[in-house]
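In my numbering, the protein residues as written are 10 to 198.
Glycine is no exception: its CB is placed at the ideal position from the N, C-alpha and C atoms.
The model shown is predicted, which means the values in this text are computed figures rather than measured ones.
Written out below as structure tokens is the structure these notes cover.
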Amino acid sequence: MKRIGVLALQGAFVEHIASLERIGVEAMPVRLPGQLDGVEGLILPGGESTTIGKLMVIYGFDKCLGGLVLEGMPVYGTCAGMILLAREVEGTNQPLLGLMNLAVKRNAFGRQVDSFELNLAIPVLGEQPFHAVFIRAPAVRSFGPEVCVLATLPGGEAVAARQGNMLVTAFHPELTSDTRVHEYFVRMT
Ligand code: GLN
């Protein structure tokens, strides 16, 4: 059985663990860098990217995670996780992993009350649209040639993308019963 880690410093890690277990994958909360040895991929959950980023520095994830991902460990960032993976975030100097060639804008659709849900076409997941939940979500503003956009909103904002072994979504598939994004990530491992 594959074992996937979920960074468990802050945010919606419990929900990701439940989604992984629903598709028959062993999910392990990762609280310390040493636990990364035992996992075949890592999910960075949604939450508060400033808080998660600071905790990643305090616990030393900033020192080791970049190397592991560059060596090929698959990583999937949801919402705040997408912000942490981006090379550049508009108007902030918060700690980032900066691994993916994306520039993103935090809270690109407004505040908590502007959160929304919609049925999103994600061709790599099949014909059926994905019910996507956006909560104070970021959007991709620009991206490099190595980035493949997997989904865009009707307004044109990229909200799911892949660069090699790195996957990001601005929305929260762990809050729905549709496990196709998790299955897609597990196939990357
Ligand atoms: N707005 C949060 C941030 O900027 C992300 C929200 C989320 O992960 N749902 O970090």
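* Closer than 7 Å to ligand 1: residues, by C-beta to nearest heavy atom, in chain order -> G20, G55, G56, E57, S58, T59, T87, C88, A89, I92, R115, N116, I144, R145, A146, P147 and H181
* L45, DSSP secondary structure in three states -> Secondary structure at L45: helix, using DSSP grouped into helix, strand and coil.
* Give the range of the beta strand (DSSP E) segment to which G14 is assigned. => R12 to L16
* Could you say which of L79, V142 and L77 lies nearest to Q121 if we only look at CA atoms? => V142
* Cut-off 7 Å between Cβ atoms - residues of its own chain near H191, not counting five sequence neighbours on either side -> S28, L29, I32 and P182
* **C-alpha gap between T60 and Q103, whole angstroms** => C-alpha separation (whole angstroms): 9 Å.
* Do you know offhand how far V195's Cα is from D123's? -> 31 Å
* Check whether the Cβ atoms of T200 and P83 sit closer than 9 Å, and answer yes or no. => Absent from the structure is residue 200, since the part of the chain shown begins at 10 and ends at 198.
* Asked: Considering G75, what are the terminal residues of the alpha helix (DSSP H) in which it resides?
  -> Membership of G75 in the alpha helix (DSSP H) is indicated by the continuous run F70 to L79.
* To do: Determine the contact status of H140 and L127, defining contact as a CB-CB distance below 9 Å.
  => yes
* To do: Along the beta strand (DSSP E) that carries I52, what are the first and last residues, could you check?
  => L51 to L53
* **C-alpha distance - G153 paired with R115, whole-angstrom precision** => 18 Å
* **9 Å Cβ cutoff met for V177 and M91** => Yes.
* Asked: By how many angstroms is the C-alpha of E97 removed from the C-alpha of F125?
  -> A direct Cα-to-Cα measurement between F125 and E97 gives close to 25 Å.
* With distances taken from CA atoms, which of G173, S58 and A148 is nearest G119? -> A148
* To do: Tell me whether the beta-carbon of G100 lies closer than 9 Å to the beta-carbon of L94.
  => Contact flag unset, no.
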